[in-house]
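S.K.:
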Amino acid sequence: MARRELIAACGLIGALGGALFGYALQRPHTYRGSWDLVLALTGCTAISATLLGIALTRTPLADAHRAGARATALSFAFGALNGVLMVAAMALLKGAPGTVLIGIALFAAMFGGVCALPFIPAMVAVAVTAARVTARPGSIADAAQRRRILRVAALSLAIASALLPRRGTTSIWLHLPMHVANVALALIVALLFAELAALARLKKSALGPEWEPSTIDAPPDVDFGLGSERFIRRAHDETYRHELGVSAIVHGDRDRALDAVRTSLRGHSLAGGIAALALAVQCALR
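For the sequence shown, position 273 (counting from the first letter as 1) is numbered 273 according to the working numbering, and the numbering increases by one without interruption.
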C-alpha cells in the first residue's frame, strides 16, 4: 500500500482545500480583513484530512470500489471531527467562553459532516488511485504508480482553484486561488520530471543477449516491479556477486514497467495542461 503518498495527498488536499473553502466562505475585500476563518480551516482541515489518510491505510485497500466507499464514509466522519476542531480553533482565535463550546461543538460536528461534501471527490480519487498500486514495493513501476496519487491530489486542487474567482486587489493573501494553482502546477511538473528520469533509467536498462533467464532467489540489482521473470548476467572475470557467479540480477518485465511509466507520464502531462489552464483562468479573472 502506498501509505506515505496517500497520507501526504490527503493532508495536501486538507490544507489547501481548507484554505480555498475558507476563502469561498469569507473572501474579505482588503488585506486588513479577518482571515481567522481561512487560517482555522487550513489548519484544522489539514489535521482532519491527514488523520483520514492514516485511517485509510490502517487496512489494505482491497479494490477500487471498496476504497472509494471507505473514503466516502471516512470523509463524513472526519468532516464531523473537523467541525469540532474548528470550534476549538475559533475559540482560541476569538476568545469564546468555554461554557457554550459543548453545544456549539455538537452543532459543528453535524455541520462539519455536511461541509465534507466538497472534499469527497478528491478523497475518493486518491483512495481509488492508491488501491490501484499493484507493483512490488520499492520497484520502478511501484514508484510510478505511487506518483499518480500525488498527481490526483494536485489536479483536484488546481480544478478547485479555478472555480473560485480572484479578487481585484494587490494583496497577496487575496490571490489565494492563484497561489493554490501555482502549487498544484509546480507539484505536477516535479512529478513529470521524476517520471522522465524513471523513463530514462528504464531505457538504459535494456536486456541484451548476455542476459539469461534464471530462478536464483536473491535480491535483484534492478526490480522493474511487474512480472515474475528473473534474469542474470554471468560474470566472466573476478567481478561477481558472492558465490552466485553472476554480476547482476534483474527482476520483472521491463516492457510492462515501461508501460506503467509511460502511462504515468501521459497522465502527468494531461494534468499539467489542466493545471496550467486553471492558472490561466485565475490570471484572466485578475
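Note that beta-carbon positions come from the ideal geometry of N, C-alpha and C, so glycine has one too.
Quick caveat: nothing in here was measured; it's all calculated off a predicted structure.
For residue 230 and residue 24, what's the separation of their Cα atoms in angstroms?
M.R.: Going by the C-alpha atoms only, they are around 54 Å apart.
S.K.: I need the straight-line Cα distance from residue 297 to residue 53, nearest angstrom please.
M.R.: Residue 297 lies beyond the residue range present for the chain, which begins at 1 and ends at 286; the question has no answer from this structure.
S.K.: Using a Cβ-Cβ cut-off of 6 Å (strictly less than) and excluding sequence neighbours within five positions of residue 126, which residues of its own chain qualify?
M.R.: The answer, listed in chain order, is 9, 149, 152, 153.
S.K.: Give me the Cα-Cα distance between residue 69 and residue 258, rounded to the nearest whole angstrom.
M.R.: Approximately 31 Å, taken between the alpha carbons.
S.K.: Please state the DSSP three-state secondary structure of residue 229.
M.R.: Residue 229: coil per DSSP, three-state reduction.
S.K.: Can you tell me which residues form a DSSP beta bridge with residue 175?
M.R.: Answer by DSSP bridge pairing: none, since residue 175 is not bridged.
S.K.: Quick test of the definition: if touching needs 3 or more C-beta pairs under 8 Å, does the segment 259–272 touch the segment 185–195?
M.R.: Taking 8 Å as the limit for Cβ pairs, the verdict is that the segment 185–195 does touch the segment 259–272.
S.K.: So, helix, strand or coil for residue 255, using DSSP?
M.R.: Looking at residue 255 - three-state DSSP - the assignment turns out to be helix.
S.K.: Along the beta strand (DSSP E) that carries residue 121, what are the first and last residues, could you check?
M.R.: Looking at the DSSP string, residue 121 is not in any beta strand (DSSP E); the run it does join, the alpha helix (DSSP H), is 120–131.
S.K.: Return the first residue and the last residue of the alpha helix (DSSP H) that residue 141 is part of.
M.R.: Segment 140–162, the alpha helix (DSSP H) holding residue 141.
S.K.: Any idea what DSSP makes of residue 216, helix, strand or coil?
M.R.: Looking at residue 216 - three-state DSSP - the assignment turns out to be coil, as it is neither helix nor strand.
S.K.: Are the Cβ atoms of residue 86 and residue 41 separated by less than 8 Å?
M.R.: For residue 86 and residue 41, yes; Cβs fall inside 8 Å.
S.K.: Using a Cβ-Cβ cut-off of 7 Å (strictly less than) and excluding sequence neighbours within five positions of residue 89, which residues of its own chain qualify?
M.R.: Same-chain partners within the cutoff: 40, 43, 44.
S.K.: Cα separation between residue 177 and residue 161?
M.R.: Residue 177 and residue 161: Cα-Cα distance of roughly 5 Å.
S.K.: Determine the direct distance from the alpha carbon of residue 197 to that of residue 119, and round the result to whole angstroms.
M.R.: Distance between the alpha carbons of residue 119 and residue 197: 32 Å.
S.K.: Out of 227, 182, 187, 256, which one is the CA nearest neighbour of residue 280?
M.R.: Of 227, 182, 187, 256, the residue nearest in Cα terms is 182.
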